[in-house]
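Report on the structure given below.
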Amino acid sequence: MEGRLANMWRLTVNESKFVETALQSELRVDGRGLYDYRKLTIKFGKEYGSSEVQLGQTHVMGFVTAQMVQPYKDRPNEGSLSIFTEFSPMADPSFEPGRPGESAVELGRIIDRGLRESRAVDTESLCILAGKMVWSVRIDLHILDNGGNLVDAANIAALAALMTFRRPDCTVGGENGQEVIIHPPEEREPLPLIIHHLPIAFTFGFFNKGNIVVMDPTYVEEAVMCGRMTVTVNANGDICAIQKPGEEGVNQSVILHCLRLASSRAAATTKIIREEVEAYNRERSLQKVKRHPTLAKSEVSGPTVAVKEEYRKSSDQEKAAEISREHVERLKLSPEELRSSKEQEATNFKGGPSNWDPYSEAMDVDSLKVSLASEGDSITKSSSKKKTNGSGNAQKDGGEISVEEVTGDLGKKDTKHKDGEMTLKDAVKPKKKRKNKT
Amino acid sequence: MEYVNPEGLRLDGRRFNEMRQIVAEVGVVSKADGSAVFEMGNTKVIAAVYGPREIQNKSQQKKNDHAVVLCEYSMAQFSTGDRRRQKFDRRSTELSLVIRQTMEACILTELMPHSQIDIFLQVLQADGGTRSACINAATLALADAGIPMRDLAVSCSAGYLNSTPLLDLNYVEDSAGGADVTVGILPKLDKVTLLQMDAKLPMETFETVFALASEGCKAIAERIREVLQENTKQLEYRRAA
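Residue numbers (this note's numbering), protein chains in the order written: chain A, 1 to 438; chain B, 1001 to 1241.
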């Protein structure tokens, strides 16, 4: 509240009149069109999971960290995701240090709703030991400069940070099978988070009793406008969250118009974020390839490592160039894979956390296709085949073929990722396979 | 879980477009200038309004020629099954802000410069839809206090479960993980002031859910108007006696 009050003070009557009258002839003070977005730049830090987003004058930093904690009692097999906002007085003199003010809380809640309630981040894969250990992911958002429209900038910062975040791989082992072993990043490649879709926030400002709508309002416009609405949408055309906290009333048609505008913009912004993240990841992985040989040398200390070292030599030093080429190729492939898996999710996603299971669905479709192709049977027969192939005892020869085909397909998918680092699919597969059998 | 059975009935036996029973009463806190209790099924909210009175903290005044509206939302510790620990968490801070701005939009603040209006909201029983109930209770209390308003600000929620749009979610339906749309409108002006949504919904589905919630708002507005008219009749009767 304090923030808004101070804003009101600073703007003179002349200035606000100027902004309003200019808007009536569809002109904005910074020369943009009504629905134009400011320039968006995303930068990444040296560490995993840090991002800096600049949207015009607005500057937000996002930082993601993870910690192992005990899960909540009502969700024993889900990790948690929490968002903390820091409005430093450096960004805007009206932000007071200490306890987060109303605007800080609201910003955190809007981003939280967009990310968590739409299940953008897969929290089930953050579980290590059900009921005992889960990863708790924490997103810190620091406002470095307030040039208006903090929500959108902070949301993009959170997404970019989440996408580049890597958590250390860990396995459950020990005598009783209850001990958690965390593998250092040198030993095993840290794992990225599983992100199903990117919810992107778009803020609209309303002027002149809700008759003029403006996208991405600046600091000055925020002080003048009589209402605002934040719409969080993803590239699939889903609406993930809306926040219009009171203020001036607007017509229903205006709201629906805003929603359409936002969803038409979502794809472009998603593309920008994905491209930036990809470029960053490519750079990181190229650095890693260079690092491997030196690593192997540093490990020549104990006798037990000797075997390992030899292995490293054969795989890394001799074929270093080859691997790097592979890396690059895989990186080129990855966006396509991502997109296709995303599409699957979009079709299979039904809202519940346990419903998300792309593999079972994918297998069904495959087997259906194969069995249909093998003999032009009726649909009922093919569905019965699907059942037999699920239970494992294939009696008909047609059924057998389909089973083979499917396993072959899966095998191919496996080999794609076997060389080199673990990917996100490897992280999920064992659990999902188990589920299918039961 | 099945939230709508094949006959089209919900867990508590309602149809998809059926609201819970509304019980509303004004003038329940004698000390306050205006007060109301608003019940919607098992959700129960009490609202008290003080003002317009002289501004207490000058720094809160943002515009010289407008009244300041302050709002405090809190949930009673006994309102939910498990005891609530902190009184001012992030959720209630956000709700206070949202409700304040919604009420600000419907009060004619320009008629009362240099004054403030305090709205206190306490949730006595929480069974889903507390923010809608709070807005409705606040409207009743403001009307009871005789504060000039543009229109009655009313609110209603709707959700989407089992591929059915549902009006007025209760706690079980609310925590099912489906979408939840809370709409606040000014029914006579036909303007949307409040709109909050959780979870994921395709565009077309959102439009139907949004329309359903708006219909619900209009129904609530009628009920609130009835309650206020009844109250006015009572007052008139008493004065004549």
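Built from N, CA and C at the ideal position, the CB exists for glycine as well. Bear in mind that the values here come from a model prediction, so they are computed numbers and not experimental data.
Measuring CB to CB, does residue i end up less than 8 Å from residue j?
i	j	result
residue 214 of chain A	residue 23 of chain A	yes
residue 1119 of chain B	residue 1143 of chain B	no
residue 156 of chain A	residue 170 of chain A	no
residue 1094 of chain B	residue 86 of chain A	no
residue 1216 of chain B	residue 1174 of chain B	no
residue 121 of chain A	residue 162 of chain A	yes
residue 1154 of chain B	residue 1221 of chain B	yes
residue 1033 of chain B	residue 1145 of chain B	yes
residue 1016 of chain B	residue 1201 of chain B	no
residue 440 of chain A	residue 151 of chain A	In the structure as shown, chain A begins at 1 and stops at 438. Residue 440 of chain A is therefore absent and cannot be evaluated.
residue 1161 of chain B	residue 1224 of chain B	no
Using only the alpha-carbon positions, how far apart do residue i and residue j sit?
i	j	result
residue 411 of chain A	residue 239 of chain A	Residue placement at residue 411 of chain A is poorly supported in this model, since its pLDDT is 45, which falls under 50; the coordinates still yield a value, given next. Those two C-alpha atoms are separated by around 37 Å.
residue 36 of chain A	residue 48 of chain A	32 Å
residue 159 of chain A	residue 1107 of chain B	39 Å
residue 241 of chain A	residue 1023 of chain B	31 Å
residue 258 of chain A	residue 1078 of chain B	40 Å
residue 1125 of chain B	residue 1080 of chain B	7 Å
residue 1206 of chain B	residue 1196 of chain B	12 Å
residue 256 of chain A	residue 205 of chain A	14 Å
residue 59 of chain A	residue 1019 of chain B	45 Å
residue 71 of chain A	residue 1184 of chain B	36 Å
residue 276 of chain A	residue 89 of chain A	29 Å
residue 306 of chain A	residue 289 of chain A	With a pLDDT of 45 at residue 306 of chain A, under the threshold of 50, the predicted position of this residue should be treated as unreliable, though the coordinate-derived value follows. Residue 306 of chain A and residue 289 of chain A: Cα-Cα distance of roughly 21 Å.
residue 441 of chain A	residue 140 of chain A	No answer is possible for residue 441 of chain A: it lies beyond the span of chain A, which begins at 1 and ends at 438.
residue 210 of chain A	residue 1007 of chain B	42 Å
residue 1232 of chain B	residue 1047 of chain B	19 Å
residue 1227 of chain B	residue 1036 of chain B	11 Å
residue 212 of chain A	residue 1102 of chain B	20 Å
residue 1176 of chain B	residue 266 of chain A	27 Å
residue 1116 of chain B	residue 1052 of chain B	5 Å
residue 51 of chain A	residue 165 of chain A	10 Å
residue 1013 of chain B	residue 1164 of chain B	15 Å
residue 1240 of chain B	residue 1230 of chain B	15 Å
residue 1072 of chain B	residue 1114 of chain B	20 Å
residue 102 of chain A	residue 197 of chain A	29 Å
residue 26 of chain A	residue 33 of chain A	7 Å
Taking Cβ-Cβ distances shorter than 8 Å, what residues in chain B pair up with residue i?
i	result
residue 127 of chain A	The premise fails here: residue 127 of chain A is roughly 17 Å from chain B at the closest Cβ pair, so nothing lies under 8 Å.
residue 251 of chain A	1190, 1191 and 1192
residue 273 of chain A	Near residue 273 of chain A there are no residues of chain B at all, since even the closest Cβ is about 18 Å away, more than 8 Å.
residue 82 of chain A	Near residue 82 of chain A there are no residues of chain B at all, since even the closest Cβ is about 10 Å away, more than 8 Å.
residue 96 of chain A	Result: empty, since nearest Cβ-Cβ is about 12 Å, beyond 8 Å.
residue 222 of chain A	By Cβ distance, chain B contributes nothing, its closest Cβ being about 14 Å from residue 222 of chain A, past 8 Å.
Please determine, among the options, the residue with the shortest C-alpha to C-alpha distance to residue i.
i	options	result
residue 1149 of chain B	B:1208, B:1104, B:1015 and B:1114	B:1104
residue 1011 of chain B	B:1003, B:1018 and B:1017	B:1003
residue 69 of chain A	A:257, A:94, A:18 and A:126	A:126
residue 76 of chain A	A:123, A:34 and A:114	A:123
residue 1181 of chain B	B:1169, B:1191, B:1190 and B:1188	B:1169
residue 93 of chain A	A:74, A:270, A:143 and A:108	A:143
residue 1045 of chain B	B:1068, B:1064, B:1076 and B:1063	B:1076
residue 274 of chain A	A:40, A:173, A:32 and A:112	A:40
residue 1039 of chain B	B:1240, B:1191, B:1156 and B:1209	B:1156
residue 195 of chain A	A:285, A:61, A:137 and A:31	A:137
residue 244 of chain A	A:232, A:17 and A:91	A:232
residue 1031 of chain B	B:1049, B:1074, B:1218 and B:1187	B:1049
residue 128 of chain A	A:114, A:254, A:84 and A:173	A:173
residue 439 of chain A	B:1100, B:1098, B:1090 and B:1096	This structure cannot settle anything about residue 439 of chain A, because the visible part of chain A is limited to 1 through 438.
Residues of chain A with CB under 8 Å from residue i, in chain order?
i	result
residue 1206 of chain B	239 and 259
residue 1002 of chain B	Result: empty, since nearest Cβ-Cβ is about 12 Å, beyond 8 Å.
residue 1258 of chain B	The question about residue 1258 of chain B has no answer, for chain B in this structure spans 1001 to 1241.
residue 1195 of chain B	229, 242, 243, 244 and 255
Under 9 Å Cβ-Cβ, which residues of chain A neighbour residue i?
i	result
residue 1116 of chain B	Residues of chain A passing the Cβ test: none, with the nearest at roughly 13 Å.
residue 1083 of chain B	Those do not exist, as residue 1083 of chain B stays about 15 Å from chain A at its closest Cβ, beyond 9 Å.
residue 1148 of chain B	Those do not exist, as residue 1148 of chain B stays about 17 Å from chain A at its closest Cβ, beyond 9 Å.
residue 1043 of chain B	Residues of chain A passing the Cβ test: none, with the nearest at roughly 20 Å.
Which residues in chain A have a C-beta closer than 7 Å to the C-beta of residue i? List them in chain order.
i	result
residue 1280 of chain B	Outside the displayed range of chain B (1001 to 1241) lies residue 1280 of chain B, so it cannot be described from this structure.
Can you name the residues of chain B whose CB is closer than 7 Å to the CB of residue i?
i	result
residue 131 of chain A	In chain order: nothing, as chain B lies at least about 19 Å away.
residue 105 of chain A	1090, 1093 and 1094
What residues of chain B sit near residue i, judged by a beta carbon separation below 9 Å?
i	result
residue 109 of chain A	1090, 1091, 1093 and 1094
For residue i and chain E, any beta-carbon pair shorter than 8 Å?
i	result
residue 73 of chain A	Within the model displayed, chain E is absent; protein chains A and B are what it includes.
Query raised in the report: Curious, which full-length beta strand (DSSP E) runs of at least 3 residues does the segment 1117–1188 of chain B contain?
Result: 1154–1161, 1164–1167 and 1179–1186
**Report entry** 4 or more residues per run - each alpha helix (DSSP H) lying fully within the segment 237–301 of chain A
**Finding:** Whole alpha helix (DSSP H) segments, 4+ residues: 252–298.
Requested in this report: Scan the segment 101–167 of chain A and note each continuous alpha helix (DSSP H) run of 4 residues or more that stays entirely inside, going in chain order.
Outcome: 102–112 and 150–164
Requested in this report: Just list the beta strand (DSSP E) runs in the segment 1012–1042 of chain B, keeping only unbroken ones of 3 residues or longer that don't cross its boundaries, in chain order.
Outcome: 1022–1026 and 1034–1040
**Report entry** Continuous beta strand (DSSP E) assignments of at least 3 residues falling wholly in the segment 14–91 of chain A
**Finding:** 40–44, 50–55, 58–69 and 80–87
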